[in-house]
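Asker: One line per chain: the protein sequences are V and D, in this order. The opening residue of the first sequence carries number 1 in UniProt numbering; numbering runs sequentially from there. The opening residue of the second sequence carries number 1 in UniProt numbering; numbering runs sequentially from there.
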Amino acid sequence: MNLTVDGKSIEIDADPEMPLLWALRDIAGILGPKFGCGIAACGACTVLIDGSPVRSCVLPVGQVEGAVTTIEGISSPAGLHPVQQAWLDEQVSQCGYCQAGQIMTAVALLEEIADPTDEDIDNAMGGNLCRCGTYPKIRAAIHRAASLKLARS
Amino acid sequence: MRFSGTLLTALVISLSAAALPGARAQDSDTPVTPASGEQGLAEWEGIHAVFAHPRCANCHVEDDQPRWSGESYGKTRVHAFNVRRGEDGFGNAGLRCSTCHSEENSAVLHGPPGAHAWHLAPAEMVWFDKSSAEICAQIKDPERNGGRSLEEVANHVRDDALVAWGWNPGPGREPAPGSAEETFAAIERWAAAGAPCPEE
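This is the structure we're talking about:
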């Protein structure tokens, strides 16, 4: 089957029931999305399909309809995505394992709500766990990213 | 939900069928016979067992948080991850139902269940923590059942993919009792019996 991942066409020769995450990591060599729990309970594997976040560890690759965007595909030659930049500015990461998923959910949130409230952020980010407990910094970074994004637009 | 005169008429016709010997539920091949109120109540008990089952009631909630309850879950909890109804019943920006729930059940134990168009039932269609009498009154009220006649309720139970998930909930979850077809037939028999509701 053929997938569009981060703007590139990729041929995947795999069982359609294989989780998308395995196809990305083991076949396409895209290692940005992380394996955390394998049951959609932590969010580390989050990618976007046509802009909507999905947990790639449980989505069968055969069900993918639409363009896949991973953490490796959100920056541009002009620079980092505003969410990535805000993550650096706020020094969000501690161990960093969850951040690929956190950032992808934040990207999706800001596409729908340009200037989210704390409640909007909590409602969006509740499925992305951070065992280092960086939640206050995550929230601050999303607010900063919203400002950066609005300033660029 | 919009209450239309047409639907009211359909409901009245459907209920009136109970009085006709050898009557059939509308558009159904299932023969129905007049039944007493007692028989109708017995049918309702079987229907209620399905509607009140955790596989169905967990997503028919009054507030904006689906529940995790039932034998498979132990203590009743709200859905983890701060999952909320959202404006359309399909979740919030950044955390849609489809973020985790795909078109099919995860084969992995404790993985997310899945079916087409996974979402919460509208808040007015509340079953969770409601009595049998309350659910019965709700299911007969087009203002609170999606504008459906009882025949349409029966068809919805028989034909909807998300409803069907209740009898195929994936590994580790207790299915709703019976089957979609059996529940469809029970609703038809209950409607033909005058759709009686239990008292509080």
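Idealized CB from N, CA, C, for every residue including glycine. This one's a predicted model, so the numbers in the text were calculated from it and none came from an experiment.
Using a C-beta cutoff of 8 Å, does Thr30 (chain D) count as contacting chain V?
Answerer: Low per-residue confidence applies at Thr30 (chain D): pLDDT is 43, beneath 50, and the placement is therefore not dependable, though the value from the model is reported in the following sentence. False, the Cβ-Cβ gap to chain V never drops below 8 Å.
Asker: What separation, rounded to the nearest whole angstrom, lies between the Cα atoms of Cys130 (chain V) and Gly32 (chain V)?
Answerer: C-alpha separation (whole angstroms): 16 Å.
Asker: Look at the alpha carbon of Leu109 (chain V) and the alpha carbon of Ile142 (chain V), and state the distance between them as a whole number of angstroms.
Answerer: Between the alpha carbons of Leu109 (chain V) and Ile142 (chain V) lies a gap of roughly 9 Å.
Asker: Tell me the DSSP secondary structure of Trp44 (chain D) in three-state form.
Answerer: helix
Asker: Report yes or no: do three or more beta-carbon pairs, one from the segment 135 to 150 of chain V and one from the segment 118 to 138 of chain D, lie closer than 8 Å?
Answerer: Put simply, the segment 135 to 150 of chain V does not touch the segment 118 to 138 of chain D. Fewer than three CB pairs are less than 8 Å apart.
Asker: Any C-beta of chain D sitting closer than 8 Å to the C-beta of Asp120 (chain V)?
Answerer: yes
Asker: Contact between the segment 82 to 98 of chain V and the segment 50 to 64 of chain V: three or more CB pairs below 8 Å?
Answerer: Three or more Cβ pairs closer than 8 Å define a contact, and the segment 82 to 98 of chain V falls short of that threshold against the segment 50 to 64 of chain V.
Asker: Do you know whose CA, among V:Glu65, V:Leu88, V:Gln84 and V:Gln63, lies nearest Glu72 (chain V)'s CA?
Answerer: Nearest option by C-alpha distance: V:Gln84.
Asker: Below 8 Å on the Cβ atoms is my contact criterion, and I expect Thr117 (chain V) with Ala67 (chain V) to pass it. Report the Cβ-Cβ distance as a whole number of Å.
Answerer: Thr117 (chain V) to Ala67 (chain V), Cβ: 29 Å. No contact.
Asker: Using DSSP's beta-bridge definition, name the partner residues of Trp68 (chain D).
Answerer: D:Arg77
Asker: Could you spell out where the beta strand (DSSP E) holding Lys8 (chain V) opens and where it closes?
Answerer: Lys8 to Glu11
Asker: At least one CB of chain D closer than 8 Å to the CB of Thr69 (chain V): is that the case?
Answerer: no
Asker: Three or more beta-carbon pairs under 8 Å between the segment 142 to 156 of chain D and the segment 85 to 93 of chain D, yes or no?
Answerer: no
Asker: Could you name each continuous beta strand (DSSP E) segment of 3 residues or more that falls completely within the segment 37 to 100 of chain V, going from the start of the chain to the end?
Answerer: For the beta strand (DSSP E) assignment, the uninterrupted runs of no fewer than 3 residues enclosed by the segment 37 to 100 of chain V are, from N- to C-terminal side, 46 to 49 and 52 to 55.
Asker: Using DSSP with H/G/I as helix, E/B as strand and the rest coil, what is Val126 (chain D)?
Answerer: coil
Asker: Under 7 Å Cβ to Cβ from Ala176 (chain D), same chain only, skipping five residues before and after it: list those, please.
Answerer: Val50, His53, Arg55, Cys56, Gly166 and Trp167
Asker: Between Gly70 (chain D) and chain V, is the shortest Cβ-Cβ distance under 8 Å, so that the two count as touching?
Answerer: no
Asker: Run down chain D in chain order and give the residues with a C-beta less than 7 Å from the C-beta of Ile113 (chain V).
Answerer: Chain D residues near Ile113 (chain V): Ala93.
Asker: So what does DSSP say about Asp27 (chain D), is it helix, strand or coil?
Answerer: For Asp27 (chain D), the pLDDT reaches just 38, beneath the cut-off of 50, and the residue's location in the model is therefore unreliable, although a value from the coordinates is still provided. Asp27 (chain D) falls in the coil class under three-state DSSP.
Asker: Using DSSP with H/G/I as helix, E/B as strand and the rest coil, what is Arg84 (chain D)?
Answerer: coil
Asker: Grouping DSSP H, G and I as helix and E and B as strand, with all else coil, what is Asn2 (chain V)?
Answerer: In this structure, Asn2 (chain V) counts as strand in the three-state DSSP scheme.
Asker: Under a Cβ-count criterion, where at least 16 other Cβ atoms within 10 Å of its own Cβ denotes burial, should residue 210 (chain D) be classed as buried or exposed?
Answerer: Residue 210 (chain D) lies beyond the range of chain D shown here (1 to 200); nothing can be said about it.
Asker: Apart from the five residues just before and just after Asn82 (chain D), which ones in its own chain have a Cβ nearer than 8 Å to its Cβ?
Answerer: Leu95
Asker: Show which residues of chain V have a CB atom less than 7 Å away from the CB atom of Asn82 (chain D).
Answerer: Near Asn82 (chain D) (Cβ distances below 7 Å), the residues of chain V are Asp122, Asn123 and Gly126.
Asker: So that I know if they touch, is there some Cβ in chain V lying closer than 8 Å to that of Pro171 (chain D)?
Answerer: no
Asker: For Pro19 (chain V) and Pro169 (chain D), I'd like the C-alpha separation in whole angstroms.
Answerer: In a straight line, the C-alpha of Pro19 (chain V) is about 20 Å away from that of Pro169 (chain D).
Asker: In chain D, which residues lie less than 9 Å from Arg25 (chain V) when you measure between Cβ atoms?
Answerer: Arg25 (chain V) does not reach chain D, its nearest Cβ partner there being about 17 Å away, counting only Cβ pairs nearer than 9 Å.
Asker: Return helix, strand or coil for Leu31 (chain V), following the three-state DSSP convention.
Answerer: coil
Asker: Would you say Ile10 (chain V) and Ala28 (chain V) are within 8 Å of each other, going by their C-beta atoms?
Answerer: yes
Asker: In chain V, which residues lie with their C-beta within 8 Å of the C-beta of residue 202 (chain D)?
Answerer: Outside the displayed range of chain D (1 to 200) lies residue 202 (chain D), so it cannot be described from this structure.
Asker: Inspect the beta-carbon positions of Ala44 (chain V) and Gly111 (chain D) and report whether they are closer than 8 Å.
Answerer: no
Asker: Got a sec? Which residues, its chain only, sit under 7 Å from Ser179 (chain D) by beta carbon, not counting five neighbours each side?
Answerer: Trp167
Asker: From the DSSP output, in three-state form, read off Arg173 (chain D) for me.
Answerer: coil
Asker: Between Ala14 (chain V) and chain D, is there a C-beta pair that is closer than 8 Å?
Answerer: no
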